Structure formats: structure tokens, C-alpha cells
Amino acid sequence: MRKLIIISAFALLGYFGQAQQIVQSESKVNFEIGGIGWSTVEGTINGMKGTVQWTENLVKSSFNVCINPATIFTDNEERDEHLKNEDFFNVSKYAEICFVSRSIVKDGANYKAIGSLTILGVSKEVSIPFSLSQKENKTILTGTLEINRFDFGLAAESYTTSIMVDDKAEVEIICVLKN
Numbered sequence: 527m528r529k530l531i532i533i534s535a536f537a538l539l540g541y542f543g544q545a546q547q548i549v550q551s552e553s554k555v556n557f558e559i560g561g562i563g564w565s566t567v568e569g570t571i572n573g574m575k576g577t578v579q580w581t582e583n584l585v586k587s588s589f590n591v592c593i594n595p596a597t598i599f600t601d602n603e604e605r606d607e608h609l610k611n612e613d614f615f616n617v618s619k620y621a622e623i624c625f626v627s628r629s630i631v632k633d634g635a636n637y638k639a640i641g642s643l644t645i646l647g648v649s650k651e652v653s654i655p656f657s658l659s660q661k662e663n664k665t666i667l668t669g670t671l672e673i674n675r676f677d678f679g680l681a682a683e684s685y686t687t688s689i690m691v692d693d694k695a696e697v698e699i700i701c702v703l704k705n
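Numbering (my numbering), first residue to last: 527 to 705.
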């Protein structure tokens, strides 16, 4: 019996020390950005992939996750194509938007991931507050942040002084991990 307990403990330690698999079909980034003369635009970017190592020992936890901006969907095909071109995400040159954590800290009942967000080849340090929940055999990490599109060069020259599109976008990250 004692051997069984020891073997089980090592098996669990081994599991939590390994990277968890991202469930791509359920993981996504939602965004919302406003503008003058039209309502708020909501959209989704899919294609999340990478490595997530999550343990209760936060020092050993890490995120190295990317999404594919070519999957952007705002329920308007013409707008989606415009967002994919050189004016905004330039998906032919920049196939990924990535976040790599530097540290993860406990923040009350939730957590905060601090690291580098790279969009259009421009990297900026960001802090992403997130919560953790369990559903069936999955761990769900849900985080939010606000980004200024100008910080990443995310605007054509004609849109940098325009009042048509807000400077800031609200972003929600949903990363579903298979346990």
C-alpha cells in the first residue's frame, strides 16, 4: 500500500511538471474596440498554440502561447480582410501574436501573468490578470487586458490620427487546457 501511495505521488508530480495541452477548439482571444460613428466592434482570434506549464508552484509555471491573426472574425468579411492586410495585422508578414511569461504571481483569489506581448514584431511588457477554473477534465484560464494599438504599430498611417477607431482595445483571453 505504501508503494502505491509513493508511486501515485510521483505520477502526480510528473504530470504537474509537464506542459499541458491547449484545447485549440475552445481557446480563443476575444476583443472589443469602439469608434466614432459606429458601434463597438467585437471579434475573435483563434489558432491558439504553444506551451503552458501550470502548477500550484507558480515559480515553475509559464506561458509561451501564440494566436494566428489570420483567423480574425468580426462577423463582417470585408472588415476581416482589411484587418488582415498591411493596414493592421499584416498577416502575410506576421503570422503570430505571442505572449511569453516572465513570471506568474498570486493576486488575491486570482493570478497575474507578467511577460512580453509581441504584435507586428513589437514586444511590450504587459500584466495579464487571470482566473482559473476547472470543468470536467479541463483547466480554464481566463484573462483580460487593455492594449493601446499604437503601442504595437497596429494602425495604418491614415488611421493613426483618425477618430474612426479607438486607440484602446479590451482583450479577453480564454485558454483551455486538457488535464
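The beta-carbon is built from N, C-alpha and C at its ideal position, and this holds for glycine as well.
All values derive from a computational prediction rather than experimental measurement.
Using the beta-carbon count (16 or more within 10 Å), is residue i buried or exposed?
i: serine 588; result: buried
i: arginine 628; result: exposed
i: valine 702; result: buried
i: lysine 586; result: exposed
i: phenylalanine 676; result: exposed
Less than 8 Å separating the beta-carbons of residue i and residue j?
i: isoleucine 571; j: isoleucine 593; result: yes
i: alanine 596; j: lysine 610; result: yes
i: lysine 694; j: asparagine 663; result: no
i: lysine 704; j: glutamine 546; result: yes
i: isoleucine 700; j: lysine 554; result: yes
In whole angstroms, what is the alpha-carbon distance linking residue i and residue j?
i: valine 652; j: serine 642; result: 6 Å
i: glycine 679; j: valine 697; result: 17 Å
i: valine 631; j: glutamate 568; result: 30 Å
i: aspartate 601; j: aspartate 613; result: 19 Å
i: glutamate 582; j: tyrosine 637; result: 11 Å
i: alanine 639; j: glutamate 604; result: 35 Å
i: phenylalanine 557; j: tryptophan 580; result: 25 Å
i: alanine 681; j: lysine 619; result: 15 Å
i: isoleucine 532; j: serine 659; result: Summary for isoleucine 532: the model assigns pLDDT 35, below 50, so the residue's position carries little reliability, and this model does not support an answer.
i: glycine 576; j: serine 565; result: 34 Å
i: glycine 561; j: glutamate 607; result: 18 Å
Report the CB separation of residue i from residue j in whole angstroms; it is logged as a contact under 8 Å.
i: cysteine 624; j: valine 591; result: 7 Å
i: glycine 669; j: isoleucine 654; result: 4 Å
i: isoleucine 598; j: aspartate 692; result: Not a contact, Cβ separation roughly 17 Å.
i: leucine 646; j: asparagine 616; result: 6 Å
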